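Numbering-wise, numbering that gives the first Met the number 0 puts 239 at position 240 of the sequence shown, and it's gapless, one number per residue.
Inspection log for the structure reproduced underneath, given as structure tokens.
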Amino acid sequence: MASTARRDVPEPPDFGILKRLARDQLIYLLEQLPGRKDLFIEADLMSPLDRIANVSILKHEVDKLYKVESRPALSTSDQLCFLVRPRVKTMKYIADIVNADKMSGRSRKYKIIFSPQKFYACEMVLEEEGVFGDVTCDEWSFYLLPLDEDIISMELPEFFRDYFLEGDHRWINSVARALQLLNSLYGPFSRAYGIGRCAKMCYELWRELEEESEGDSQGRKPEIGNIFLMDRDTDYVTALCSQMVYEGLVDDTFRIKCGSVDFGPEVTSSDKSIKVLLNAQDKVFSQIRNEHFSSVFGFLSQKSRNLQAQYDRRRGMDIKQMKNFVSQELKGLKQEHRLLSLHIGACESIMKKKTKQDFQEMIKAEHSLLEGFDIRESTSFIEEHIDRQVSPIESLRLMCLLSITENGLNPKDYRSLKTQYLQSYGPEHLLTFHNLKRIGLLTEQAAGETLTAVENRVSKLVTDRAAGKITDAFNSLARKSNFRAISKKLGLIPRLDGEYDLKMPRDMAYVFSGAYTPLSCKIIEQVLERRGWQGLEEVLRLLNGTEFSEAGAAEASPGRDSQRTVLAVFLGGCTCSEMAALRFLGRERGCRFIFLTTAVTSSGRLMEAMAETRA
């Protein structure tokens with residue numbers, strides 16, 4: 000199985016301090032508005048908040064909790080506190096409450112706590128609405144949420160759309176400050192590698208912040224040695240492929256949110272839903288999360304037999320042994336049995352859903368696209384998928400995968416697929432096609448060549464950082480993927496002699512059934528192996544990449560565990576498949592990967608981000 004240890008892997012750092020720092024800062028900010036108050040929390044901050052501070056801690060400073068939503072507030076408190084993301088529509092919501100109070104002659108105190116930081120645009124809206132002088136503003140620097148022993152999320156799903164589609168740089172500062180915090184607690188990092196414009200900007204701003212702060216981490220023993228920053232648009236293919244590892248399938252099927260999942264009645268075999276935290280503390284999940292789905296049922300059935308054997312031991316026990324069993328083992332066995340039942344139920348539910356969707360046929364079509372064979376047959380499968388109205392998101396995903404692997408669609412195929420899609424799923428998706436074309440996920444070959452020429456001219460004209468948004472917007476326009484050439488150079492499609500053994504995999508390709516090695520993970524592997532980009536010049540040319548390799552403040556000493564601990568930073572999202580692949584690489588090489596991502600992502604989330612319309 001993929002979870003079998005090959006070489007000693009360093010223990011992960013203790014990220015509990017990140018939760019404590021965030022919790023303590025929030026309590027301090029709430030105390031800055033003395034006395035009883037009501038707290039309004041934005042919906043997508045509730046789950047992260049739940050992971051670091053329970054309600055009883057908040058109740059110490061707060062009377063009532065409300066969710067920020069469209070309907071007007073019913074609070075009777077004389078002090079209102081708003082814990083929000085820096086969004087324009089939320090500022091209008093707060094302004095409406097303040098102005099309504101003014102109209103009715105009511106006097107209250109208002110405090111806005113922005114997380115992770117406030118933006119100038121928000122202050123402008125408050126000023127335009129005439130309430131800027133009535134509110135006090137603060138920042139809750141909640142940049143990092145540890146989801147597991149090796150996963151830290153910024154919980155910023157909007158980062159992908161904001162930066163890669165809109166060319167908005169506002170989150171760059173948040174990433175740089177997150178890196179500064181990690182470097183001060185677990186660094187200093189001895190070496191930094193990266194690829195992508197966003198990665199380069201984040202790195203440069205982080206270094207500027209380090210210079211200003213005069214290196215708080217100097218003189219301490221580092222726990223993380225190397226850092227690798229990667230833009231999501233370096234590798235869209237991996238994010239678009241159907242996930243085959245257990246954690247990825249659970250995410251695709253049930254949608255993991257903030258490290259936990261709601262298993263409904265179809266899983267629990269009751270009329271109730273159960274919220275389950277998915278992390279290394281779950282003894283069952285930790286052993287199957289990185290496994291290819293085909294291996295999971297066998298493992299769970301063996302686990303079930305082992306548990307039953309442990310229960311059966313009771314039969315031959317005397318009173319003293321039974322007492323020890325009940326006090327020491329029974330509770331743990333019952334908990335493991337409960338988790339085992341849930342994961343078996345989840346597997347059965349995944350199987351039912353995938354059978355309905357002709358999953359095997361879809362995987363076959365995907366593999367053909369990745370390998371560059373039977374493209375016409377795969378295109379016909381996508382057309383049939385659209386005509387049968389199986390799923391608007393899945394149809395889009397397959398079209399994008401076809402486009403990227405083929406370096407854009409020929410105009411005839413593009414028009415045909417687009418027309419069929421709009422006829423099947425509705426003309427309201429027209430803007431989605433515009434967005435996908437802008438970001439380079441679904442393009443026409445002829446249009447791509449024209450736009451690339453325009454992009455080159457604009458890039459020469461725009462030189463200062465302030466105008467970077469223009470270059471970013473053109474940078475993504477119909478950007479050529481060159482996937483076939485990159486795949487050949489890096490050997491992303493394994494050459495098989497016989498069948499690929501998914502139970503005892505030999506490389507990272509197992510996460511996609513042995514058909515494809517994730518490009519993002521292959522790049523990280525190659526750069527760490529070479530300790531730089533030497534020998535990868537042709538790959539970089541094909542990737543249109545902005546790469547860097549910089550020595551940090553700390554002296555690299557090969558024997559240290561810190562040098563075998565790598566912080567992999569994904570800007571725009573990281574998938575469960577990529578994490579499973581790099582964990583496999585870590586076990587093979589005797590190193591530990593820690594994942595820092597703007598959010599955990601998937602093909603469905605990428606497509607939804609492109610289809611989304613915002614106020």
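Yeah, the Cβ is synthetic: ideal placement off N, Cα and C, and Gly gets one too.
In this text, all values refer to a predicted model and were calculated from it rather than measured experimentally.
Item, Value
"State the Cα-Cα distance for the pair Leu-208 and Val-87, rounded to the nearest angstrom.", "27 angstroms"
"Using the beta-carbon count (16 or more within 10 Å), is Asn-53 buried or exposed?", "exposed"
"Around the C-beta of Leu-17, are 16 or more other C-beta atoms found within 10 angstroms, so that it is buried, or is it exposed?", "buried"
"To which residues does DSSP link Ala-550 through a beta bridge?", "Arg-190"
"In three-state DSSP terms, what is Ala-477?", "The pLDDT assigned to Ala-477 is 45, lower than 50, so where the model puts this residue is not dependable, and the model offers no usable value."
"Whose CA, out of Leu-64, Ser-394, Met-398 and Glu-405, lies closest to the CA of Phe-372?", "Glu-405"
"Grouping DSSP H, G and I as helix and E and B as strand, with all else coil, what is Asn-225?", "strand"
"For the stretch 99 to 187, which segments carrying the beta strand (DSSP E) assignment without a break, of at least 3 residues, lie completely within its bounds, in sequence order?", "108 to 113, 134 to 138, 144 to 147 and 150 to 152"
"Name the two residues that bound the continuous alpha helix (DSSP H) containing Arg-437.", "429 to 438"
"Give, in chain order, every unbroken run of the alpha helix (DSSP H) that is at least 4 residues long and sits entirely within the stretch 488 to 532.", "518 to 529"
"Give the single residue among Lys-487, Asp-281 and Lys-521 whose Cα lies nearest to the Cα of Arg-582.", "Lys-521"
"Which of the three DSSP states is assigned to Cys-575 in this structure?", "helix"
"Would you say Cys-590 and Val-124 are within 8 angstroms of each other, going by their C-beta atoms?", "no"
"Would you kindly report the start and end of the unbroken beta strand (DSSP E) that includes Ile-40?", "37 to 41"
"Give the straight-line distance between the Cα atoms of Met-350 and Glu-127, rounded to the nearest whole angstrom.", "53 angstroms"
"Quick check on Gln-78: does DSSP put it in helix, strand or coil?", "strand"
"Which partner residues of Gly-387 appear in the DSSP bridge assignment?", "A small correction: the amino acid at residue 387 is Arg; Gly does not occupy that position in the sequence shown. The partner list for Arg-387 (beta bridge, DSSP) is empty, contrary to what the question assumes."
"Taking only three categories from DSSP, how would you classify Lys-274?", "strand"
"Please name the residue or residues paired with Ala-567 in a DSSP beta bridge.", "Phe-227 and Phe-594"
"Given this structure, state the Cα-to-Cα distance separating Leu-44 from Val-83, to the nearest angstrom.", "7 angstroms"
"What three-state label does DSSP hand His-366 in the structure shown?", "helix"
"How should Lys-110 be labelled, buried or exposed, when 16 other C-beta atoms within 10 angstroms of its C-beta is the threshold for buried?", "buried"
"Please report the residue range of the beta strand (DSSP E) in which Leu-64 lies.", "63 to 67"
"What does a CB cutoff of less than 7 angstroms around Val-266 pick up in its chain, not counting 5 residues either side in sequence?", "Leu-341, Gly-344, Ala-345 and Ser-348"
"Can you tell me the Cα-Cα spacing of Met-229 and Gly-195, whole angstroms?", "6 angstroms"
"Tell me, please, whether the stretch 156 to 166 touches the stretch 267 to 279 by the rule of three or more beta-carbon pairs shorter than 8 angstroms.", "no"
"I need the boundaries of the alpha helix (DSSP H) containing Val-538, first residue and last residue.", "536 to 542"
"Quick one: is Met-503 buried, meaning 16 or more other Cβ sit within 10 Å of its Cβ, or exposed?", "exposed"
"Per the DSSP calculation, Asp-232 is bridged to which residue(s)?", "BP columns for Asp-232 are empty, so no partner."
"Leu-450 by DSSP, collapsed to three states: which one?", "Any reading at Leu-450 needs caution, since the residue's pLDDT is 39, under 50, leaving its predicted position unreliable; the model's value is listed next. In the structure shown, Leu-450 sits in a helix (DSSP, three-state: H, G or I)."
"Go ahead and label Glu-60 buried or exposed: buried means 16 or more other beta carbons lie within 10 angstroms of its beta carbon, across all protein chains shown.", "buried"
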